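What follows is the structure, given as structure tokens:
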């Protein structure tokens with residue numbers, strides 16, 4: 002995906018302490034082995050604070066790959082418009098190779114937060130490219 006503009010107002014029924022929506026501009030669920038590049042995109046928030054949220058998906062496969070790797074998602078040259086990025090783990094079992102979120106030459110990111118929700122008890126994402 003590249004050269005996109007997201008103008009987003011969010012949802013009025015999901016607000017945070019600052020009365021801004023907690024629904025991300027866009028979010029994706031990722032399974033093992035997925036690779037994605039989002040490049041040259043711009044987020045223009047009108048009433049929200051979260052630009053992007055990734056979350057893992059449970060590995061329910063039964064075909065047994067010899068080597069499984071986590072998802073690898075990259076944002077390159079994107080403008081987040083002052084919004085935050087969230088990397089969230091939802092699954093209860095953890096892989097030896099975590100998912101990787103790479104932020105390459107992006108601007109206007111207010112925060113990058115690693116999060117988890119039940120049944121997980123920790124975040125299984127590795128964040129790269131952020132100093």
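Numbering (the working numbering), first residue to last: 2 to 132.
In this text, a Cβ means the ideal position worked out from N, Cα and C, and glycines have one as well.
Computed from a predicted model, the values in this text were never measured in an experiment.
Under the rule that 16 or more other beta-carbon atoms within 10 Å means buried, what is residue i, buried or exposed?
i: residue 57; result: buried
i: residue 50; result: buried
i: residue 104; result: buried
If you reduce the DSSP assignment to three classes, tell me which class residue i lands in.
i: residue 101; result: strand
i: residue 133; result: Look at the range of the chain in this structure, 2 to 132, and you will see that residue 133 is not part of it.
i: residue 120; result: coil
i: residue 49; result: strand
i: residue 72; result: coil
Do residue i and residue j have their C-beta atoms within less than 8 angstroms of each other?
i: residue 83; j: residue 111; result: yes
i: residue 81; j: residue 37; result: no
i: residue 77; j: residue 121; result: no
i: residue 7; j: residue 39; result: no
Thinking residue i and residue j are a contact (beta carbons under 8 angstroms), I'd like their distance in whole angstroms, please.
i: residue 101; j: residue 113; result: That belief does not hold up - the Cβ atoms of residue 101 and residue 113 are roughly 13 angstroms apart, past 8 angstroms.
Heavy atom of the ligand GTP less than 7 angstroms from the Cβ of residue i, yes or no?
i: residue 130; result: Judged by which ligands are present, the structure shown has none, so any question about the ligand GTP falls away.
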